[in-house]
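Chemist: Numbering (this note's numbering), first residue to last: 1484 to 1563.
Pasting a structure here, questions to come.
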């Protein structure tokens, strides 16, 4: 990811796409790892694979936390 770019909720509401955007410290750019969920506390939503799609290129969106597998993430360190 380019320097100064972050994950942002495009539109700031549930169902919005996630985009890479210049950092501006807005509430839709602040994320925290909460167990297996990546949560945006300011918007009270998590990162979600739209409709649990399993195909390459499936949309990644902001959605209410329902505990589904499509909202669970495992952060893995980059190997050198």
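Glycine included, every Cβ here is placed at the ideal spot set by N, Cα and C.
Rounded to whole angstroms, what is the Cα-Cα separation between residue 1556 and residue 1539?
Modeler: Taking the straight line from one Cα to the other gives about 16 Å.
Chemist: So which of 1521, 1502, 1506, 1489 has the shortest CA-CA distance to residue 1551?
Modeler: When only C-alpha atoms are compared, the closest one is 1521.
Chemist: What did DSSP end up calling residue 1555 once you bin it into helix, strand or coil?
Modeler: Reduced to three states, the DSSP call for residue 1555 is coil.
Chemist: Any idea if residue 1545 is buried or exposed, counting beta-carbon neighbours within 10 angstroms, 16 or more meaning buried?
Modeler: It counts as buried.
Chemist: Rank 1526, 1487, 1530 by C-alpha distance to the C-alpha of residue 1519 and give the top, closest one.
Modeler: The shortest C-alpha separation from residue 1519 is found at 1530.
Chemist: Around the C-beta of residue 1496, are 16 or more other C-beta atoms found within 10 angstroms, so that it is buried, or is it exposed?
Modeler: Counting Cβ neighbours within 10 Å, residue 1496 comes out exposed, since fewer than 16 surround it.
Chemist: Over what stretch of residues does the beta strand (DSSP E) that includes residue 1501 continue unbroken?
Modeler: 1501 to 1505 is the span of the beta strand (DSSP E), which, as asked, contains residue 1501.
Chemist: Start and end of the beta strand (DSSP E) containing residue 1546?
Modeler: Segment 1543 to 1546, the beta strand (DSSP E) holding residue 1546.
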